[in-house]
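A.B. asks: First, the structure itself, so that you have it in front of you.
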Amino acid sequence: MAESLTIFGMSTCPRCQQPLPFDLPHCPQCDAPLPSSVPSGLEQRVREMMEKQGKLHAVKLYRDETGASLLEAKNAVDRLAEGKSSFASEANSTEGNAADPSPGDSCEAEVLRLLAAGKGIGAIRHYRQQKGVGLHQARLAVDVIAKRHGVAPPVGSTPGILVFAFLAALAVTAIAGALWLLFG
517 MAESLTIFGM STCPRCQQPL PFDLPHCPQC DAPLPSSVPS GLEQRVREMM EKQGKLHAVK
577 LYRDETGASL LEAKNAVDRL AEGKSSFASE ANSTEGNAAD PSPGDSCEAE VLRLLAAGKG
637 IGAIRHYRQQ KGVGLHQARL AVDVIAKRHG VAPPVGSTPG ILVFAFLAAL AVTAIAGALW
697 LLFG
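What follows is the structure in structure tokens.
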């Protein structure tokens, strides 16, 4: 498999070149498996941060470097503090990868049930609660699950909300301008 590229801190899918904001197990566009990686030297820097400034700063460093959710970062730092695993072995394991929407998963079955019932937001919320990932990562994972099973993905997106907000701001500006002209 080809190496993924990095553009301005974002990796891209080696198959379709889709920009990826953080490490995912599969590309949300083409569902290609992606190499998971932890930046080199991160484990040592996190250990040093724990010793010098405490666990909270170590969790923040891990999140900043990997894009992991707060729960994922806390669990990774806790495992490292307990000496149970290193980040390198964790990055290559599929068992601990919360963002991997694995087929046959009970969480996936519930997500599919919610999507079929037209409850896309509920599906994303359920995935977040079960996997402990962030909103964006959960949304991408639910989209991958929907695509894999031929189910309609959840509706409502950030671009739609932004368009609505822009039009609302434009309307308010137009009304304010008209009032200023009338009563000026």
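Residue numbers (the working numbering): 517 to 700. Glycine included, C-beta positions come from ideal geometry on N, C-alpha and C.
Considering only DSSP beta bridges, list what residue 582 is partnered with.
C.D. replies: None, per the DSSP bridge assignment.
A.B. asks: Throw me the rounded Cβ distance for the residue 630 and residue 667 pair, which I believe falls under 8 Å.
C.D. replies: About 10 Å; that fails the 8 Å criterion.
A.B. asks: When the Cα atoms are used, what is the spatial distance from residue 597 to residue 562?
C.D. replies: So the alpha carbons of these two residues sit roughly 10 Å apart.
A.B. asks: Does the region 680-689 come within contact of the region 646-655, defined as at least 3 CB pairs closer than 8 Å?
C.D. replies: no
A.B. asks: DSSP on residue 614, reduced to helix/strand/coil?
C.D. replies: Residue placement at residue 614 is flagged as unreliable, the pLDDT there being 43, under the threshold of 50; a coordinate-derived value is accordingly withheld.
A.B. asks: Can you tell which of 582, 580, 571 has its C-alpha closest to the C-alpha of residue 595?
C.D. replies: 571
A.B. asks: When the Cα of residue 587 is compared with those of 560, 646, 634, which residue comes out closest?
C.D. replies: When the alpha-carbon of residue 587 is set against those of 560, 646, 634, the nearest one is in 646.
A.B. asks: My guess is that residue 658 and residue 639 are in contact by the Cβ rule of under 8 Å, so how many angstroms apart are they, rounded?
C.D. replies: 5 Å
A.B. asks: Let me confirm a value: residue 529 is counted as buried when at least 16 other C-beta atoms fall within 10 Å, else exposed. Which label applies?
C.D. replies: That one is buried.
A.B. asks: For residue 585, I'd like the list of residues in its chain whose CB is within less than 7 Å of its CB, leaving aside the five on either flank, ordered along the chain.
C.D. replies: 648, 649, 650, 653
A.B. asks: Taking residue 637 as the reference, which of 568, 662, 661, 670 has the closest Cα?
C.D. replies: 670
A.B. asks: Keeping to the same chain, check which residues put their C-beta closer than 7 Å to that of residue 524; ignore five residues upstream and five downstream.
C.D. replies: Reliability fails at residue 524, whose pLDDT of 40 lies under 50, so the model's placement of it is uncertain and the value that follows must be treated cautiously. So no residue of the chain qualifies.
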